[in-house]
Amino acid sequence: MRVALMVTCINDALYPGTGQAVVALLRRLGVEVDFPAAQTCCAQPMVNTGYLDEAVPVVRTFVDAFAGYDAIVTPSGSCAGSARHQHGIVARRSGDAGLERAVAETSPKVYELSEFLVDVLGVTDVGAYYPHTVTYHPTCHSLRMLGVGDRPRRLLENVRGLTLVDLPGDDQCCGFGGTFAVKNSDTSVAMGTDKVRHVLETGAEVLVAGDNSCLTHIGGLMTREKAGVRTVHLAEILASTESLQLGVVR
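Sequential numbering from 9 applies to the sequence shown in the numbering used here.
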């Protein structure tokens, strides 16, 4: 199986450790991963703000970069949702039949990380060790657009040493929403503040999610409140082992 990592813009720019964690995790499970250097943005910011025509060359770059792979794995429900659902809208609007065919070929092969682990590899125990109390925030696109369901929770429940506690109001949006946080900052902060309150109610040490964009928003608010709760991407927890916890480089 030829597998490619779609690292996403935010991870490439701010959280390279998340992409590295995906590679380490998949290699531990016997999957070799390529990193197509030609990849850029998934085009979601443009589509979400109504710039569909401007998204056409970005989608074209995407399908060219990931052509020929059997699976495209990304540590982001948001970007996976864009590739699976929005790319077809952009391609049809473009009137380019070749682009429509390329998107129809590529989009179904895009998997959010937990989908790939559970549905494609058929594993829920990835051999992880993470001795902390954790609560999980299901991000909007993973929950509503992709329907990842309980896949992330099933993976977390099989992490040795980890105590998973329920997050009140877990189905409520954190308020980030990409450009929504910029255009509607007051509403975004209010929603994020509600999410922080729920996180603190759990008593968890760590908030985990499948999208670093949401973790950036919630984490920023928690830092301002000096909440003392860390934010960690799902991939980094699943890639963690007892040796890594002891500071040993494997």
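Using N, Cα and C, we set each Cβ at its ideal position, and we do this for glycine too.
Note that this is a predicted model, so its numbers are computed, not measured.
Cβ atoms of residue j and residue i: under 8 Å apart, would you say?
i, j, result
"residue 161", "residue 172", "yes"
"residue 118", "residue 80", "yes"
"residue 185", "residue 198", "no"
"residue 243", "residue 30", "yes"
"residue 75", "residue 16", "no"
"residue 46", "residue 98", "no"
"residue 179", "residue 208", "no"
"residue 175", "residue 143", "yes"
"residue 125", "residue 68", "no"
"residue 56", "residue 187", "yes"
"residue 147", "residue 217", "yes"
"residue 95", "residue 111", "yes"
"residue 49", "residue 64", "no"
With respect to the beta strand (DSSP E) encompassing residue i, which residues constitute its N-terminal and C-terminal limits?
i, result
"residue 238", "238-241"
"residue 141", "141-144"
"residue 131", "Unbroken run through residue 131: none, as it is neither H nor E."
"residue 171", "171-173"
"residue 40", "Where residue 40 is concerned, there is no enclosing beta strand (DSSP E), given that its DSSP letter is neither H nor E."
"residue 215", "214-217"
"residue 118", "118-120"
"residue 126", "Per DSSP, residue 126 belongs to no beta strand (DSSP E) and is neither H nor E."
"residue 79", "79-82"
Just confirm the distance between the C-beta atoms of residue i and residue j, as a whole number of angstroms; I'd bet it's less than 8 Å.
i, j, result
"residue 149", "residue 89", "4 Å"
"residue 246", "residue 134", "5 Å"
"residue 123", "residue 167", "Contact flag wrong, Cβ pair sits at about 18 Å."
"residue 193", "residue 86", "At roughly 19 Å, the Cβ-Cβ gap does not stay under 8 Å, so residue 193 and residue 86 are not in contact."
"residue 60", "residue 109", "Between residue 109 and residue 60 the Cβ distance is about 19 Å, and since that is not below 8 Å, they are no contact."
Which first and last residues belong to the alpha helix (DSSP H) in which residue i is found?
i, result
"residue 13", "First-last for residue 13: 11-13, but that is the beta strand (DSSP E), not the alpha helix (DSSP H)."
"residue 108", "105-114"
"residue 210", "193-210"
"residue 62", "60-73"
"residue 30", "24-36"
"residue 165", "159-165"
"residue 98", "95-102"
"residue 55", "52-56"
"residue 87", "85-89"
"residue 230", "220-232"
"residue 20", "17-21"
Among the options, which has the Cα closest to the Cα of residue i?
i, options, result
"residue 240", "214, 233 and 228", "214"
"residue 120", "159, 112 and 250", "159"
"residue 219", "176, 84 and 154", "84"
"residue 235", "221, 249, 203 and 138", "203"
"residue 227", "250, 201 and 54", "201"
"residue 327", "190, 250 and 53", "Residue 327 lies beyond the range of the chain shown here (9 to 258); nothing can be said about it."
"residue 9", "78, 91 and 229", "78"
"residue 211", "94, 192 and 140", "140"
"residue 53", "231, 189 and 206", "189"
"residue 24", "82, 61 and 100", "82"
"residue 129", "21, 38 and 116", "38"
"residue 127", "104, 205, 42 and 154", "154"
"residue 181", "41, 223 and 104", "223"
"residue 43", "49, 58 and 27", "27"
"residue 18", "225, 237, 206 and 138", "225"
Cβ contact check for the region 17-37 and the region 59-73: 3 or more pairs under 8 Å = no
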